[in-house]
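Novice:
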Amino acid sequence: PARFAVFGNPVGHSLSPIMHTAAFAATAFNGVYVAVPVPEIRPAVAGLRALGFRGASITLPHKESVMASLDEVEETARRIKAVNTIVNANGRLQGYNTDVSGAMRALKDKTPLTGRAAAILGAGGAARAVAFGVQAEGGRVTIFNRAAARGEKLADDELQAEFRHLSEFKADPYEILVNTTPVGMAPRVDDTPVAAETLRPGLVVMDIVYNPLKTRLLREAACAGCTTIDGLSMFVHQGAQQFELWTGLKAPVDIMRMAVEAELAAM
Numbered sequence: 003p004a005r006f007a008v009f010g011n012p013v014g015h016s017l018s019p020i021m022h023t024a025a026f027a028a029t030a031f032n033g034v035y036v037a038v039p040v041p042e043i044r045p046a047v048a049g050l051r052a053l054g055f056r057g058a059s060i061t062l063p064h065k066e067s068v069m070a071s072l073d074e075v076e077e078t079a080r081r082i083k084a085v086n087t088i089v090n091a092n093g094r095l096q097g098y099n100t101d102v103s104g105a106m107r108a109l110k111d112k113t114p115l116t117g118r119a120a121a122i123l124g125a126g127g128a129a130r131a132v133a134f135g136v137q138a139e140g141g142r143v144t145i146f147n148r149a150a151a152r153g154e155k156l157a158d159d160e161l162q163a164e165f166r167h168l169s170e171f172k173a174d175p176y177e178i179l180v181n182t183t184p185v186g187m188a189p190r191v192d193d194t195p196v197a198a199e200t201l202r203p204g205l206v207v208m209d210i211v212y213n214p215l216k217t218r219l220l221r222e223a224a225c226a227g228c229t230t231i232d233g234l235s236m237f238v239h240q241g242a243q244q245f246e247l248w249t250g251l252k253a254p255v256d257i258m259r260m261a262v263e264a265e266l267a268a269m
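Note that the sequence shown ends on residue 269 in this note's numbering; no numbers are left out.
#1: Taking the continuous alpha helix (DSSP H) assigned at P19, which residues delimit it?
#2: Please report the residue range of the beta strand (DSSP E) in which M208 lies.
#3: Alpha carbons only, please: which of I145, A149, E177 is nearest the one belonging to Q162?
#4: Under 6 Å Cβ to Cβ from Q96, same chain only, skipping five residues before and after it: list those, please.
#5: Spell out a yes or no on whether the segment 97-108 and the segment 44-58 are touching, meaning 3 or more CB-CB pairs, one atom from each, closer than 8 Å.
#6: Quick check on DSSP: helix, strand or coil for E74?
#7: So, helix, strand or coil for R142, using DSSP?
#8: For V206 versus A223, is the C-beta spacing smaller than 7 Å?
#9: Based on the DSSP secondary-structure assignment, which residues constitute the bridge partners of I178?
#10: Are the CB atoms of A121 and G153 within a distance shorter than 7 Å?
#11: Among G10, L215, Y98, A119, whose alpha-carbon lies nearest the alpha-carbon of P39?
#12: Check for me: the alpha helix (DSSP H) holding H239 runs from which residue to which?
This is the structure in structure tokens:
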């Protein structure tokens with residue numbers, strides 16, 4: 003069988019093996035996918051090369067540092083300085099970033115992006131990926147973050163976008179709100195990055211946290227009349243694109259989502 007792995011540290015909680023194993027089974031693709039805890043990425047990539055693995059998913063904390071170990075990196079990944087997917091093309095290791103397209107597919111299922119104003123909460127790698135994607139689709143971005151220095155660096159230096167302190171958020175000029183921070187993630191499920199009264203009907207609210215599936219932010223957004231998108235949508239879409247890069251087959255997106263939903267329900 004073709005071999006695949008997810009490299010991260012820690013990685014025991016990863017739902018990628020469940021998702022990709024379900025995709026292999028549904029398409030009768032002869033593949034095996036395992037989670038590998040990796041303290042250091044360089045020797046892990048050398049191992050992947052030596053063992054002839056067909057590909058890998060890269061998760062925290064290695065998405066930036068892995069780039070130095072690859073033969074080529076596609077433009078989107080290079081621009082946002084993060085790789086989450088390795089494809090082994092006959093010994094040449096190619097780096098991709100499917101977080102961007104995963105987030106955009108999740109958003110575009112519910113809203114057009116061209117000409118829309120998006121508020122993005124956070125200033126880490128996920129914020130950079132979502133912001134880059136929205137801009138590439140013709141949307142406008144404002145970064146909201148607690149730590150001003152980090153938020154301003156992302157907004158000014160990398161995106162040429164606006165920056166505001168998180169405490170200043172209100173829905174008014176925005177059509178889209180994306181939370182890329184871990185606020186609201188299990189076990190701290192009663193936390194939310196913005197107050198319920200700052201939301202308004204018609205706002206599209208996406209949370210990239212998927213455990214729990216219905217975060218406090220999404221529950222309060224639904225009550226406020228917003229359109230909501232859960233974190234599983236981005237996770238499954240980014241995984242679907244990984245599957246397509248690795249196998250050349252069309253990803254069974256619905257089956258992948260159902261497999262992850264079942265696993266989350268059982269947790």
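By construction, the Cβ of each residue, glycine as well, lies at the ideal position given by its N, Cα and C atoms. Remember, it's a predicted structure, so these values are computed and weren't measured experimentally.
Specialist: Quick look at the numbers:
#1: 18-29
#2: 206-209
#3: I145
#4: E74, V89
#5: no
#6: strand
#7: strand
#8: no
#9: A120, V206
#10: no
#11: G10
#12: 233-249
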